[in-house]
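Taking the working numbering, the leading residue of the sequence shown gets 1410, the next gets one more, and so forth.
Every residue, glycine too, gets a C-beta built ideally from N, C-alpha and C.
Please read all numbers here as calculations on a predicted model, not as lab measurements.
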Amino acid sequence: LRMLTTPGGRAFLHTLGGAAGDEIIEDYVTILDATDVPARPALRTSTTGMAGMEATPIGVRVDDTKLMDMNAYMDSLPSPAGKAGDRASIERGRTVFRNNCTSCHNVDQNKFVPSMLVDMKTIFPGDNPVILAERTPPLNPIMNTVDSIFDDKMVVVNASIRGDIRGIALPLLLDLDRKPVFLHDNSVPSLDNLLDEVRGPDAPHPFYLSASDRDDVIAMLRSFTAEFTTE
């Protein structure tokens, strides 16, 4: 948790945000200190590359073996069981989902989540950012939509560091039955509300279904699980 407070981490945030990046670091340090996070990083790292570059954003790297070990451990964790439901409803929902949602999402949660980004105007038609500061390309300008928090996590750090678009990555669709809120900003209180056109055409994720289709798709989404495999 302290890696962003190292000289390399500070250089990374300064490259991305200038004075705003410096302020983010100081606020982060305040939070870490207040929650008794140890002052030194817990992992052994080696210096590599230049801080602020895409391949080496903070100028350090954890040992490859340890990264692979962590990856193997995380892959070994069993996914939460999906909620059992009416099989006919779930299968109807699967058909609706396949016909309406698979340009982005997987039906089969055993598959890797697509690495694509969905551009902001597609995922959030109401996005209307103002430029707060210019940055050197490939970084896009620091932008913020004043009337929404949906884009806040991308104001300073986003995919433009690697020359990609300003957009949203896709989530893994597991454990949705226990999830109390939806979208990355927690702005939607239920799956039914997420898929209901009452939210309007300019809302984040404005992809809606009829009431009957919503019921079936929600049953399917709540049933999602994934099987662990060592292959």
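Would you say G1458 touches the ligand HEM, meaning its beta carbon is less than 8 Å from a heavy atom?
Looking at this structure, you won't find the ligand HEM or any other ligand, since it has none at all.
Would you call L1486 buried or exposed, if buried means 16 or more other Cβ atoms sit within 10 Å of its Cβ?
That one is exposed.
Who are the near neighbours of P1466 in its chain, counting only those whose CB is closer than 6 Å to its CB and skipping five residues on each side?
Once the five neighbours on either side are set aside, the close Cβ partners of P1466 are F1421.
For M1525 and H1514, I'd like the C-alpha separation in whole angstroms.
Between M1525 and H1514, the C-alpha separation is close to 10 Å.
Taking G1494 and A1460 to be in contact with their CB atoms under 8 Å, please state how far apart those CB atoms are, rounded to whole angstroms.
Incorrect: roughly 49 Å between the Cβ atoms, too far for contact.
Could you have a look at T1554 and say whether DSSP puts it in helix, strand or coil?
Of the three classes helix, strand and coil, the one that applies to T1554 here is coil, per DSSP.
Here's the rule: buried if 16 or more other CB atoms are within 10 angstroms of the residue's CB, otherwise exposed. What is I1540?
Under this definition I1540 is an exposed residue.
May I have the straight-line CA-CA distance separating H1423 from D1478, to the nearest angstrom?
Whole-angstrom Cα-Cα distance: 31 Å.
My parser needs the beta strand (DSSP E) runs of 3 or more residues fully inside the segment 1567-1597; what are they?
Listed in chain order, they are 1576-1578.
Nearest-angstrom Cα distance between R1470 and N1480?
Taking the straight line from one Cα to the other gives about 15 Å.
Taking all protein chains shown into account, do 16 or more other C-beta atoms lie within 10 angstroms of the C-beta of V1590, making it buried, or fewer, making it exposed?
Exposed: under 16 other Cβ atoms inside 10 Å.
Whole angstroms are fine: how far does the CA of E1432 sit from the CA of R1587?
Whole-angstrom Cα-Cα distance: 35 Å.
Along the chain, where does the alpha helix (DSSP H) containing R1503 start, and where does it finish?
First-last of the alpha helix (DSSP H) with R1503: R1496 to N1509.
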